[in-house]
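Taking it in order: structure first as structure tokens, then the write-up.
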């Protein structure tokens, strides 16, 4: 997925919920120039980048912790990977889906297509529909506390 989609969604969430805790769980970042720029872009939006531990002893713990965080996030951004998709199935809150399996639950926002049909479950990357979905889903009571967004990035 184009990283611009991540940044687009994070900017909208940051504008709506300035104090939100935003985390990206990844196992794919390398220490090359492209990923260093990506980390700087995320840092500019106050996004916490969490990289998987390469130590095998910690791997199971990391996976369970990441799945738990994603399954309980107030807002879950599902990327192109089965791992966050499964977390989305477990998550009762706001789920933004970009995973192009064609399997989006009715309560999710399908943000996978590049057209302008974006509405709840309808497909398309429409920023107005995303904003409306988040406002409706998070609601005023939950917006008063700090929503937690979790996202997994896999290549």
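Numbering (the working numbering), first residue to last: 143 to 297.
Glycine included, C-beta positions come from ideal geometry on N, C-alpha and C.
These figures come from a predicted structure and were not determined experimentally.
{"Item": "Give me the residue from 200, 248, 236 with the minimum Cα distance to residue 212.", "Value": "236"}
{"Item": "If the criterion is Cβ atoms closer than 8 angstroms, does the pair residue 206 and residue 151 meet it?", "Value": "no"}
{"Item": "Apart from the five residues just before and just after residue 273, which ones in its own chain have a Cβ nearer than 8 angstroms to its Cβ?", "Value": "154, 158"}
{"Item": "Starting from the C-beta of residue 230, find all residues in its chain whose C-beta is less than 6 angstroms away, skip the five residues before and the five after it, and write them out in chain order.", "Value": "218, 220, 237"}
{"Item": "In chain order, what residues of the same chain lie with their CB nearer than 8 angstroms to the CB of residue 188, ignoring the 5 residues before and after it?", "Value": "156, 164"}
{"Item": "Quick check on residue 186: buried or exposed, where buried means 16 or more other Cβ atoms within 10 Å of its Cβ?", "Value": "exposed"}
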